[in-house]
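S.K.: To start, I am sharing the structure in question, which I have written as structure tokens.
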Amino acid sequence: MDSTKILNTEYDKRLSQLDNEHSTLRFETFNSDTAITIGLKLLERAKEENLSITIDICMGKQQLFHCALEGTNEENDRWVIRKNRVALEFKKSSYYISLLLKSNNTTIEAYYHLDSKDYAPYGGAYPIMDMEGKVLGTITVSGLPDHEDHRVVTETIKWFLQNKETSSR
């Protein structure tokens with residue numbers, strides 16, 4: 002089998018998994034308390050795992066939680082903004098768009114005519130979606146390899162959704 006075909010099959014498989022994530026990682030409600038709970042869980046995890054990350058949670062254009070840990074700098078804040086734009090523009094995680102572009106062997110400029118100075122199609126920004134799929138904002142991490150940024154965010158969302166009864170008390 003052609004190595005390009007294998008690679009595209011792997012991308013297709015991963016994109017399908019991410020589509021499933023997008024349809025299941027949804028919130029019945031999302032407010033500032035939710036943002037703080039998730040933000041603090043991300044912070045706790047970062048400290049436990051000694052991760053140098055910037056954490057950002059926005060609802061609409063309002064920033065509800067932001068924390069930059071030791072080892073990060075203003076460049077991470079710029080990455081957060083650029084990744085958020087991707088998640089909001091496409092209503093998909095920035096990691097999904099990253100893999101979609103890689104699977105088509107193209108760039109965000111060539112495929113979507115968007116400037117990479119403004120849009121960063123790399124993992125780490127996840128759209129906050131209600132049960133109907135409406136995008137309310139973003140949960141974003143910057144500082145790790147893009148698949149790790151994505152994983153940290155989605156695992157924390159899963160934790161919240163599984164523990165929402167106890168975490169909201």
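Sequential numbering from 2 applies to the sequence shown in the numbering used here. From the three backbone atoms N, C-alpha and C, an ideal C-beta is built for every residue, glycine too.
1. Give me the Cα-Cα distance between ASP150 and ARG83, rounded to the nearest whole angstrom.
2. Just to confirm, is the Cβ distance from LEU26 to LEU162 under 8 Å?
3. State the start and end residues of the unbroken alpha helix (DSSP H) segment that holds LEU102.
4. Under three-state DSSP, which class holds ILE54?
5. So for SER117, helix, strand or coil by DSSP?
6. Give me, in chain order, the residues of the same chain whose beta-carbon lies closer than 7 Å to that of GLU156; leave out the 5 immediate sequence neighbours on both sides.
7. Can you tell me the Cα-Cα spacing of SER17 and GLU11, whole angstroms?
8. Kindly indicate the opening and closing residues of the alpha helix (DSSP H) around PHE91.
9. Looking at GLY144 and THR55, is the spacing between their C-beta atoms short of 8 Å?
10. Look at the alpha carbon of GLU110 and the alpha carbon of LEU101, and state the distance between them as a whole number of angstroms.
11. Evaluate contact between the stretch 35 to 45 and the stretch 65 to 77, counting only Cβ atoms and requiring at least three cross-stretch pairs below 8 Å.
M.R.: From the atom records:
1. 14 Å
2. yes
3. 95 to 104
4. coil
5. coil
6. none
7. 10 Å
8. 75 to 91
9. yes
10. 13 Å
11. yes
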